[in-house]
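Q: Pasting a structure here, questions to come.
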Amino acid sequence: MSWKQHKRDQQLLAQEKGYCRKAWGDKLTVCLAYPNAYRIGMANLGYQAVYSLLNDLPFCLCERVFFSPPGEGDAPRGKSPVSLESQKPLKEFDIIAFSIPFENDYPHVLALLAGAGISLQASLRKDFEPLVMAGGIAVTLNPEPLSSFIDLFLIGEAEEALPELAALYREALIQGPDRRELLFDVQRRVPGVYVPQLYSVSYRPDGTLEDVQPVDSSLPRKIRRRWEKDLSAFRTDQVISTPGSEFGDLFLAEVSRGCARGCRFCAAGFVYRPVRFRRKEALEPSFVRGISEGKRIGLLGTAVSDHPQLADLCRCILEGGGTFALSSLRMDRVSAEMAGLLREAGVETVALAPEAGTQRLRDVLNKGISEDHIFSALEHLVQQGIRQIRLYFMVGLPTETEADIEGLIRLTRKIRHQALQLSKGKKPFRRITLSVNQFIPKPFTPFQWHPLEEVKDVKKKLRRIKKALHNEGPVQVFHDLPKWNYIQTLLSLGDRRVGQILAEVHQLEGNWSQALKKVPLNPDFYVYRPKGLSEFLPWDFIDHGIDKAVLIREYRKALSEYP
């Protein structure tokens, strides 16, 4: 480790409030790894929640490590990474635990392990090497592309499962069994754990999966995800405050999990079911703490707008002398009262997600909103002085036509015109920002069988949208890069064989185009191929409590009822 890196880490810690520094001794030691930059990782509430959960265990010590891509302002951590709190090499920890919300960060997992001198292939690790585990929404949906490199995955929510796993592993370390015995014991005793080495995969002659089976009959046939029934029984809020995160001015507090809306593209809406809301009295201590730190309260959740006490939560924060921020609002939940509360909080920009420009396509998505909802929300917001609107749209959606792209353009123009008209005689409306992203099919959704649209076709649609709205005054258009959507889809929908591509990407230092050419595996098979409804999918061995027949029914309904 360089002196420059050591000094940088000490400066980061000096800016933080709330981090935990425990003395090394006989505790179970865990290095919690986020496979991206510090500023992104520290803005992730799930990452902070796991850090707190582990350090609250008296027998456990948890420190942090981040991967910092070159060129993003942080020193690279691809080589010889050490923990932030005590500068310990990763090899000295009992467990390396990855928190992974995004598939495109998978190569960084391999880079961190290799930099730490830990064997990349899980099957080749020695007993003295750290246990490598992973959790987070990306691997909860589909862990298979990373399965060659991870000893065990934690599928679902961590509040109960992680302490169980930590206690069992500490006990095993004292007794000293070999690595395979330990993994077998954990797989057998802790629901929600998935040890890939203990499950064999078989394929059909056409390359599709045949089955995923345990190697021993005493192991569970399906991996049942873990979830917490009562969110109000515990708090999930920001443990560490730092100006170095993406949302340095916010104090983050989770108000809900799950969503009952059933948007057919939304994985989080399905795998975090049933919908659960934290009660106001359970959230008030988080609000008090955040306000005392001089932060705005960031209300997070899969369905924040549907919280039955949302207006009361906002008033509670305002009456306590604070302000709040919401990630986005459903347009059918924007009332005059809610818009007024946003104005009182000093909110200048509100994010809304029509997702599609025509009613037909919104019905395909099961979005559940109409143009009346859109323009009613706009009216309430502009009348309360909200001068900037961010609109989220998708392109490349199932059944999408040229008429739907034209509808997106037309709807944006209509919103712009209406916003300018409503703000006449007041502070002028400033800006509409369009965030246009490509639809990516995700596991455990009705659209999991649908292919990604060709990159070249999506590029044409994006160019058309940007050109049409170029001279529309206060309208700005932003979009992601379609080539990376191809990679994300590959990692979202891939099976265990995709790990070969990840290994090659690591060897080629991130050169995806060369890796895709070099590995004898056709990535289009996963990305552009429509899946059969009777096909065994790479994630079908995971039980999220979702009836596959329901997903099939919803998929058929989307394709047949809204032609």
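Residue numbers are given in the working numbering: position 70 of the sequence shown equals residue 51, and the series is strictly consecutive. Glycine is no exception: its CB is placed at the ideal position from the N, C-alpha and C atoms.
Tell me whether G117 is buried or exposed, calling it buried when 16 or more other Cβ atoms sit within 10 Å of its Cβ.
A: As a first step, residue 117 must be located in the sequence shown, where it is residue number 136. Classification for G117: buried.
Q: T414 bridges to which residues according to DSSP?
A: Translated into positions along the sequence shown, residue 414 becomes position 433. For T414, which the question treats as bridged, DSSP gives the partners R371, Q457.
Q: Among L310, G302, S357, which has the Cα closest to the Cα of L281?
A: Taking the sequence shown and counting its residues from 1, the one referred to as residue 281 is at position 300. Considering only alpha carbons, the answer is L310.
Q: Decide if S129 is buried, meaning its Cβ has at least 16 other Cβ atoms within 10 Å, or exposed.
A: The sequence position of residue 129 within the sequence shown is 148, counting from 1. In the assembly as shown, S129 is a buried residue. Its beta-carbon has 16 or more other beta-carbons within 10 Å.
Q: Which class does P511 belong to by DSSP, given the choice of helix, strand or coil?
A: Looking up residue 511 in the sequence shown gives position 530. Correct three-state label for P511: coil.
Q: Reducing DSSP to helix, strand and coil, say where G59 ends up.
A: Translated into positions along the sequence shown, residue 59 becomes position 78. Note that G59 scores 45 on pLDDT, short of 50, meaning its location in the model is unreliable; the coordinates nonetheless yield the value given after this. Coil at G59, not helix or strand.
Q: Does the Cβ of R444 have 16 or more other Cβ atoms within 10 Å, making it buried, or fewer, making it exposed?
A: Here residue 444 corresponds to residue number 463 of the sequence shown, with the count starting at 1. The residue is exposed, with fewer than 16 neighbouring Cβ atoms inside 10 Å.
Q: I'd like the list of long-range same chain contacts for T339, defined as Cβ closer than 6 Å, with 5 residues on each side in sequence excluded.
A: Here residue 339 refers to the residue found at position 358 when the sequence shown is read from its first residue. The residues are D385, G388.
Q: May I ask you to report which of helix, strand or coil DSSP gives R(-11)?
A: Sequence index remark: in the sequence shown, residue -11 carries index 8 (1-based). Reduced to three states, the DSSP call for R(-11) is helix.
Q: Given this structure, state the Cα-to-Cα distance separating E336 from Q194, to the nearest angstrom.
A: Locating residue 336 in the sequence shown gives position 355, counting from the first residue. Locating residue 194 in the sequence shown gives position 213, counting from the first residue. One C-alpha to the other measures close to 39 Å.
Q: Could you tell me how far apart the beta carbons of F251 and L346 are, in whole angstroms, since I believe they sit closer than 8 Å?
A: In the sequence shown, counting from the first residue as 1, residue 251 sits at position 270. In the sequence shown, counting from the first residue as 1, residue 346 sits at position 365. At roughly 14 Å, the Cβ-Cβ gap does not stay under 8 Å, so F251 and L346 are not in contact.
Q: DSSP three-state label for D192, please.
A: One-based indexing of the sequence shown puts residue 192 at position 211. D192: strand per DSSP, three-state reduction.
Q: By Cβ distance below 6 Å, which residues in the same chain neighbour K3 in space, the five residues on each side in sequence not counted?
A: Counting from 1 along the sequence shown, the entry for residue 3 is found at position 22. Once the five neighbours on either side are set aside, the close Cβ partners of K3 are L42.
Q: Report the start-end ranges of each alpha helix (DSSP H) in the stretch 246 to 321 that is 4 residues or longer and not cut off at the edges.
A: 248 to 252, 261 to 273, 291 to 300
Q: Considering only the beta carbon of each residue, do P424 and L122 sit closer than 8 Å?
A: Position 443 of the sequence shown holds residue 424. Position 141 of the sequence shown holds residue 122. Contact flag set, yes.
Q: Quick check: the Cα distance between F506 and F215, rounded to an integer number of angstroms?
A: As a first step, residue 506 is located in the sequence shown; it is residue number 525 there, counting from the start. As a first step, residue 215 is located in the sequence shown; it is residue number 234 there, counting from the start. If I take the Cα positions, the gap works out to 44 Å.
Q: Could you spell out the range, first to last residue, of the beta strand (DSSP E) harbouring F79?
A: Position 98 of the sequence shown holds residue 79. Unbroken beta strand (DSSP E) run through F79: 76 to 80.
Q: Please tell me whether P463 and V439 are closer than 8 Å, where the distance is taken between their beta carbons.
A: Within the sequence shown, residue 463 is the residue found at index 482, counting from 1. Within the sequence shown, residue 439 is the residue found at index 458, counting from 1. Yes, they are a contact pair.
Q: Determine whether the beta carbon atoms of T426 and I413 lie at a separation below 8 Å.
A: Locating residue 426 in the sequence shown gives position 445, counting from the first residue. Locating residue 413 in the sequence shown gives position 432, counting from the first residue. At the C-beta level, T426 and I413 stay beyond 8 Å of one another.
Q: Would DSSP call I396 helix, strand or coil?
A: The sequence position of residue 396 within the sequence shown is 415, counting from 1. Residue state, collapsed to three classes: helix.
Q: Taking the straight line between their C-alpha atoms, what separation do you get for K407 and G366?
A: Here residue 407 refers to the residue found at position 426 when the sequence shown is read from its first residue. Here residue 366 refers to the residue found at position 385 when the sequence shown is read from its first residue. Their Cα atoms are separated by approximately 8 Å.
Q: Please report the residue range of the beta strand (DSSP E) in which K49 lies.
A: For the purposes of this step, residue 49 is taken as the residue at position 68 of the sequence shown. In the sequence as displayed, the identity of residue 49 is Ser instead of Lys. Where S49 is concerned, there is no enclosing beta strand (DSSP E), given that its DSSP letter is neither H nor E.
Q: Pick helix, strand or coil for V376, following the three-state DSSP scheme.
A: By 1-based counting over the sequence shown, the position of residue 376 is 395. Reduced to three states, the DSSP call for V376 is strand.
Q: Compare the C-beta of I155 against all C-beta atoms of chain C and say whether one is closer than 8 Å.
A: Included in the structure is just one protein chain, with no chain C present.
Q: Please name the residue in L(-7), Q369, N418 whose C-alpha comes closest to that of L403.
A: Residue numbering aside, residue 403 sits at position 422 when the sequence shown is read from its first letter. Looking at the Cα atoms, Q369 is the closest of the given residues.
Q: Can we say the stretch 148 to 167 touches the stretch 514 to 525, given the rule of at least three CB pairs closer than 8 Å?
A: no
Q: On the three-pair Cβ rule with 8 Å, is the stretch 271 to 280 touching the stretch 228 to 239?
A: Touching, yes, given that three or more Cβ pairs across the two stretches are closer than 8 Å.
Q: At the level of alpha carbons, what is the spacing between Q156 and P88?
A: Mapped onto the sequence shown, residue 156 falls at position 175. Mapped onto the sequence shown, residue 88 falls at position 107. Q156 and P88: Cα-Cα distance of roughly 34 Å.
Q: Between the stretch 168 to 185 and the stretch 205 to 225, are three or more C-beta pairs nearer than 8 Å?
A: Yes: the two stretches touch, three or more of their Cβ pairs being nearer than 8 Å.
Q: Round the Cβ separation of R47 and N17 to the nearest angstrom and send it over; I've been treating them as touching at under 8 Å.
A: By 1-based counting over the sequence shown, the position of residue 47 is 66. By 1-based counting over the sequence shown, the position of residue 17 is 36. Here residue 47 turns out to be Phe, not Arg, going by the sequence shown. Yes, F47 and N17 are in contact; Cβ-Cβ is about 7 Å, under 8 Å.
Q: Apply the 10 Å Cβ neighbour rule to A317 and answer buried if 16 or more other Cβ atoms are within range, or exposed otherwise.
A: Residue 317 sits at position 336 when you count from the first residue of the sequence shown. With fewer than 16 Cβ atoms within 10 Å of its Cβ, A317 is classed as exposed.
Q: Please report the straight-line C-alpha distance between Y180 and L294, rounded to a whole angstrom.
A: For the purposes of this step, residue 180 is taken as the residue at position 199 of the sequence shown. For the purposes of this step, residue 294 is taken as the residue at position 313 of the sequence shown. Between Y180 and L294, the C-alpha separation is close to 46 Å.
Q: Can you tell me where the beta strand (DSSP E) with V331 in it begins and where it stops?
A: Against the sequence shown, residue 331 aligns to sequence position 350. Per DSSP, V331 belongs to the beta strand (DSSP E) from 330 to 336.
Q: Hey, C12 and F74 are a contact pair by Cβ (cut 8 Å); roughly how many whole angstroms apart?
A: What you label residue 12 is simply residue 31 of the sequence shown in a count that begins at 1. What you label residue 74 is simply residue 93 of the sequence shown in a count that begins at 1. Contact between C12 and F74 is confirmed by a C-beta separation of about 4 Å, below the 8 Å threshold.
Q: Comparing alpha-carbon positions, which option in R478, S541, H487 lies nearest P177?
A: The residue labelled residue 177 in the question sits at position 196 within the sequence shown. It is R478.
Q: Counting C-beta neighbours from all protein chains within 10 Å, is the total for G137 16 or more, i.e. buried, or is it exposed?
A: In the sequence shown, counting from the first residue as 1, residue 137 sits at position 156. Buried, because 16 or more other Cβ atoms sit within 10 Å of the Cβ of G137.
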